[in-house]
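Going by my numbering, the sequence shown opens with residue 392, and the numbers climb by one from there. Heads up, the beta-carbon is just placed ideally off N, CA and C, and yes, glycines get one too. Fair warning: this is a prediction, and the values are worked out from it, not measured in the lab. This report concerns only the one structure given below.
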Amino acid sequence: MSNTSPELKKVVAEADDFLPLLGTDHIELYCGNAKQSAYYYMAAWGFQPLAFCGLETGIRDRVSYVLRQDKITLVLTSPLVADGPINDHINRHGDGVKAIALWVDDATKSWKETTSRGAESVLEPTERSDKDGQVVLSGIKTYGDTVHTFVERKNYEGIFMPGYQAWNPVQVSQPLGLQFVDHMVGNVGWGEMDTWTAFYAQVMGFAQLISFDDKDISTEYTALMSKVMSNGNGRIKFPINEPAEGRKKSQIEEYIDFYQGAGVQHIAVATSNIIETVTALRDRGIEFLKVPSSYYDTVLDRVGSIDEDLAPLRELGILIDRDDEGYLLQIFTKPVVDRPTMFFEIIQRKGAKSFGKGNFKALFEAIEREQETRGTL
Ligand code: FE2
392 MSNTSPELKK VVAEADDFLP LLGTDHIELY CGNAKQSAYY YMAAWGFQPL
442 AFCGLETGIR DRVSYVLRQD KITLVLTSPL VADGPINDHI NRHGDGVKAI
492 ALWVDDATKS WKETTSRGAE SVLEPTERSD KDGQVVLSGI KTYGDTVHTF
542 VERKNYEGIF MPGYQAWNPV QVSQPLGLQF VDHMVGNVGW GEMDTWTAFY
592 AQVMGFAQLI SFDDKDISTE YTALMSKVMS NGNGRIKFPI NEPAEGRKKS
642 QIEEYIDFYQ GAGVQHIAVA TSNIIETVTA LRDRGIEFLK VPSSYYDTVL
692 DRVGSIDEDL APLRELGILI DRDDEGYLLQ IFTKPVVDRP TMFFEIIQRK
742 GAKSFGKGNF KALFEAIERE QETRGTL
């Protein structure tokens, strides 16, 4: 690939790709009321209904709604019974990501390669079939109660996977230009950073992409450490955050307290027109973190010239950062669940391959203002 960065080439060369990943297959969230969550993601976020399983398909203990927008697939799952593992997950964590499902060519090999390197299995390779073909699933644990499912669908022609039926409710909204999952960030507990970066390196063959320590990204109160783990082809990027000592409680610690442990902090979704996408999201009631207007007085001194007019970026609160290869535009929602835990990032890359480090200080100060209102700073 001619547009691959030198840094990424190095990663590709170094990574022992015993676990080739084709992309993010889907993200499964456990939630208290999947039906209403589905409406939220359709009406506000422009996801389209795709598939369903539950009582009508012979499933007695849970219901799942599958939504899609371009290459992003969400599965929203709620229990239909008391006292099961889904209930336990929701009771402990609130609504949140249960599974980051990875699209693979061979789910059996993926399971063998990872479990033989120390991953704990949650699902041995399992074949599921219907009239449209066959899907093979397997799964391993990652941080907290989160899992990675490996999905092999090369012999499947159906809409999602066996066990699901098409779901065609009245369409409530048009897509908003969300294209694919750019990265997904995990928050882990005190002292757990090395454990989980080593897990992604040794068990999954990932390499560390960029590093910055707590001195780079602390504000007066918040401090954290962050490392980005990437798979060999760069399609899957998992930044990992760990809290660091600050004067007051960091946002990562707040997350860990309310999520009751490690879990997915944010899902970054890519758009090719962030101004249009964020305008539409805001019109539909999605709340974003706001940086002070003064951020825009000096931002172009830091990042240089950009293609976009500054006025709509300032009006929407979109942040800008630059690295050696280009720039990026990004914005973060407030938490999208009841607890101050999971949120979304909208990102438009214009060459940059990094994650917006230059915005961290302004961003964390915005988060601290939110924490102040929650009494959790
Ligand atoms: Fe991010």
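Near residue i, which residues of its chain fall below 6 Å by C-beta distance, leaving aside the five closest residues on each side in sequence?
| i | result |
| --- | --- |
| residue 678 | 725 |
| residue 503 | none |
| residue 749 | 712 |
| residue 555 | 442, 444 |
| residue 448 | 556 |
Since residue i and residue j should fall inside the 8 Å C-beta cutoff, what is the C-beta to C-beta distance between them, to a whole number of angstroms?
| i | j | result |
| --- | --- | --- |
| residue 656 | residue 576 | 5 Å |
| residue 496 | residue 532 | Contact doesn't hold; Cβ gap of about 22 Å is too wide. |
| residue 515 | residue 526 | The pair is not a contact, with the Cβ atoms about 15 Å apart (cut-off 8 Å). |
| residue 422 | residue 455 | Wrong, their Cβ atoms sit about 10 Å apart, outside the cutoff. |
| residue 419 | residue 466 | 4 Å |
| residue 662 | residue 739 | 5 Å |
| residue 753 | residue 686 | 5 Å |
Within 10 angstroms of the Cβ of residue i, are there 16 or more other Cβ atoms? Answer buried if so, exposed if not.
| i | result |
| --- | --- |
| residue 625 | buried |
| residue 757 | buried |
| residue 427 | exposed |
| residue 494 | buried |
| residue 472 | exposed |
| residue 707 | buried |
| residue 692 | exposed |
| residue 622 | buried |
| residue 689 | exposed |
| residue 581 | exposed |
| residue 522 | exposed |
| residue 568 | buried |
| residue 414 | exposed |
| residue 565 | exposed |
| residue 637 | buried |
Whose C-beta lies closer than 7 Å to the C-beta of residue i among residues of the same chain, with five residues either side of it excluded?
| i | result |
| --- | --- |
| residue 588 | 599, 618, 620, 631 |
| residue 551 | 441, 442, 457 |
| residue 405 | Any reading at residue 405 needs caution, since the residue's pLDDT is 49, under 50, leaving its predicted position unreliable; the model's value is listed next. Closer than 7 Å at the Cβ level, and outside the excluded window around residue 405, lie 598. |
| residue 393 | Unreliable placement is indicated for residue 393, whose pLDDT of 43 sits below 50; no coordinate value is reported for it. |
| residue 714 | 743, 744, 745 |
| residue 452 | 470, 471, 472, 475 |
Is any heavy atom of the ligand FAD found at a distance shorter than 7 Å from the C-beta of residue i?
| i | result |
| --- | --- |
| residue 657 | With respect to small molecules bound, the structure shown includes the ligand FE2 and not the ligand FAD. |
Just reading off the alpha helix (DSSP H) that residue i is part of, what are its end residues?
| i | result |
| --- | --- |
| residue 465 | Unbroken run through residue 465 is the beta strand (DSSP E), 463-470; no alpha helix (DSSP H). |
| residue 416 | Run containing residue 416: none in the alpha helix (DSSP H); it sits in the beta strand (DSSP E), 414-421. |
| residue 427 | 425-434 |
| residue 670 | 665-674 |
| residue 750 | No alpha helix (DSSP H) holds residue 750; DSSP gives it neither H nor E. |
| residue 701 | 701-707 |
| residue 567 | Counting along the chain, residue 567 falls outside any alpha helix (DSSP H), and DSSP gives it neither H nor E. |
| residue 482 | 476-484 |
| residue 662 | Element bounds for residue 662: not the alpha helix (DSSP H) but the beta strand (DSSP E), 654-662. |
Could you tell me the boundaries of the beta strand (DSSP E) in which residue i lies?
| i | result |
| --- | --- |
| residue 542 | 538-547 |
| residue 728 | Segment: none, residue 728 is in no beta strand (DSSP E) and carries neither H nor E. |
| residue 618 | 615-621 |
| residue 550 | No beta strand (DSSP E) holds residue 550; DSSP gives it neither H nor E. |
| residue 495 | 487-495 |
| residue 507 | Segment: none, residue 507 is in no beta strand (DSSP E) and carries neither H nor E. |
So is residue i in contact with chain B if we call contact Cβ pairs under 8 Å?
| i | result |
| --- | --- |
| residue 656 | Here chain B cannot be found, since the structure has a single protein chain. |
**Request:** Give a yes or no on contact between the stretch 696-711 and the stretch 650-663, applying the rule of three or more CB pairs nearer than 8 Å.
**Result:** no
**Request:** Report yes or no: do the stretch 471-479 and the stretch 631-644 share at least 3 C-beta pairs separated by less than 8 Å?
**Result:** no
**Request:** Count the CB pairs spanning the stretch 498-515 and the stretch 447-467 that are closer than 8 Å, and state whether there are at least three.
**Result:** no
**Message:** Counting beta carbon pairs with one atom in the stretch 661-675 and one in the stretch 590-598, are three or more of them shorter than 8 Å?
**Reply:** no
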